[in-house]
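Student:
Residue numbers (the numbering used here): 37 to 210.
Here it is in structure tokens:
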């Protein structure tokens with residue numbers, strides 16, 4: 037659920053999945069009930085609609101199974117590149133490199149890429165990192181972004197990547 041913290045999603049999903057335990061139940065969900073259940077995650081009108089429509093598509097087109105190709109995942113309502121990459125990587129143990137705010141920020145600060153948008157960051161990272169390493173790189177970049185290279189105040193003094201980091205070099209020129 038984009039634009040929301042993992043913690044908030046984790047608070048909402050147990051009750052949601054208790055009420056709608058499978059894709060058929062979700063496909064038949066009352067939209068107003070879905071909206072009420074996920075209201076705290078923000079943008080709940082469109083997210084509820086996407087959840088219901090995605091479940092319907094999974095039932096109608098994929099016999100209730102989540103497809104395992106990037107292209108098919110992108111066809112699902114509400115699924116973008118980041119989610120498709122994460123589903124491939126985590127759900128199917130295939131090569132996926134989801135670019136969230138942390139991955140985008142860290143990759144650009146380090147100088148691995150020079151991109152204004154997440155799609156550009158994803159493309160460039162996939163060019164320079166072998167597919168066998170995408171899953172690991174995704175998790176390492178997220179961890180580094182959450183623990184060390186934070187958005188507002190990166191903790192460069194704790195960073196083990198200082199000597200490779202474009203941002204650190206720029207901050208310490210003088």
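Think of the CB as a built atom: it goes at the ideal place given N, C-alpha and C, for glycine as much as any other residue.
1) Would you check if the segment 99-110 and the segment 136-149 touch, i.e. whether three or more CB-CB distances between them fall below 8 Å?
2) Quick check on the DSSP output: what are the complete alpha helix (DSSP H) runs of length 4 or more inside the segment 119-172, in order along the chain?
3) Could you tell me the distance, in whole angstroms, from the CA atom of residue 38 to the CA atom of residue 155?
4) Compare the beta carbon distance of residue 179 and residue 133 with 8 Å and say whether it is the shorter of the two.
5) Tell me which same chain residues have a C-beta within less than 6 Å of the C-beta of residue 186, skipping the five on either side of it?
6) Would you call the CB atoms of residue 72 and residue 81 closer than 8 Å?
7) For residue 122, collect the residues of the same chain with a Cβ closer than 7 Å to its Cβ; drop the 5 residues on either side in sequence, then sort them by chain order.
8) Taking three-plus beta-carbon pairs below 8 Å as touching, is the segment 158-172 in contact with the segment 193-210?
9) When the Cα atoms are used, what is the spatial distance from residue 148 to residue 49?
10) In its own chain, which residues sit with a C-beta less than 8 Å from the C-beta of residue 93, not counting the 5 before and 5 after it?
11) Determine the DSSP secondary structure at residue 115, reduced to helix, strand or coil.
12) Output needed for residue 159: all residues of its chain with C-beta closer than 7 Å, excluding positions within five of it in sequence on either side, in chain order.
13) Check this for me: beta carbons of residue 61 and residue 88, under 8 Å apart or not?
14) From 120, 137, 136, pick the residue whose C-alpha is nearest to that of residue 129; which is it?
15) Closer than 6 Å by C-beta to residue 183: which residues in its own chain qualify, once you throw out the five before and the five after it? Chain order, please.
16) Which residues in the same chain have their Cβ closer than 8 Å to the Cβ of residue 125, if we skip the five residues on either side of it in sequence?
17) Whose C-alpha, out of 47, 68, 103, 136, is nearest the C-alpha of residue 117?
18) Might you give, ordered along the chain, the residues of its own chain that have their beta carbon closer than 6 Å to the beta carbon of residue 177, omitting 5 neighbours on each side?
Tutor: According to the structure data:
1) Judged by Cβ distances under 8 Å, the segment 136-149 makes no contact with the segment 99-110, as fewer than three pairs qualify.
2) Whole alpha helix (DSSP H) segments, 4+ residues: 137-146, 154-164.
3) In the chain shown, residue 38 corresponds to position 2, counting from 1. In the chain shown, residue 155 corresponds to position 119, counting from 1. Confidence at residue 38 is low in this model, with a pLDDT of 49, below 50, so its placement is unreliable and the value that follows should be read with caution. Cα-Cα distance, rounded: 15 Å.
4) The residue given as residue 179 occupies position 143 in the chain shown. The residue given as residue 133 occupies position 97 in the chain shown. Contact: no.
5) Here residue 186 refers to the residue found at position 150 when the chain shown is read from its first residue. Here the set comprises nothing.
6) One-based indexing of the chain shown puts residue 72 at position 36. One-based indexing of the chain shown puts residue 81 at position 45. Result no, Cβ atoms of residue 72 and residue 81 do not sit closer than 8 Å.
7) The count along the chain shown starts at 1 and reaches residue 122 at position 86. Within the same chain, residue 122 has close Cβ partners 132, 134.
8) Not touching, per the Cβ criterion.
9) Reading the chain shown from its first residue, position 112 is the one you call residue 148. Reading the chain shown from its first residue, position 13 is the one you call residue 49. Taking the straight line joining both Cα atoms gives about 35 Å.
10) As a position in the chain shown, residue 93 is number 57, starting the count at 1. Excluding residues within five positions, the ones whose Cβ falls inside 8 Å are 111, 112, 113.
11) Counting from one through the chain shown, the residue named residue 115 turns up at place 79. Residue state, collapsed to three classes: coil.
12) Position 123 of the chain shown, counted from the first residue, corresponds to residue 159. Cβ neighbours of residue 159 beyond the five flanking positions: none.
13) As a position in the chain shown, residue 61 is number 25, starting the count at 1. As a position in the chain shown, residue 88 is number 52, starting the count at 1. By the CB criterion at 8 Å, residue 61 and residue 88 fall outside the cutoff.
14) Residue mapping note: residue 129 aligns to position 93 of the chain shown, counting from 1. Residue 129 has its Cα closest to that of 120, out of 120, 137, 136.
15) The residue you call residue 183 lines up with position 147 of the chain shown. Within the same chain, residue 183 has no close Cβ partners at all.
16) Numbered from 1 along the chain shown, position 89 holds the residue referred to as residue 125. Close CB contacts of residue 125 within its chain, under the 8 Å cut and outside five residues either way in sequence, are with 131, 132, 133, 134, 170, 171, 174 (chain order).
17) Here the question's residue 117 lines up with position 81 in the chain shown. For residue 117, the nearest C-alpha among the options comes from 136.
18) The residue you call residue 177 lines up with position 141 of the chain shown. Non-local C-beta neighbours of residue 177 in its own chain, meaning closer than 6 Å and more than five positions away in sequence, comprise 139, 142, ordered along the chain.
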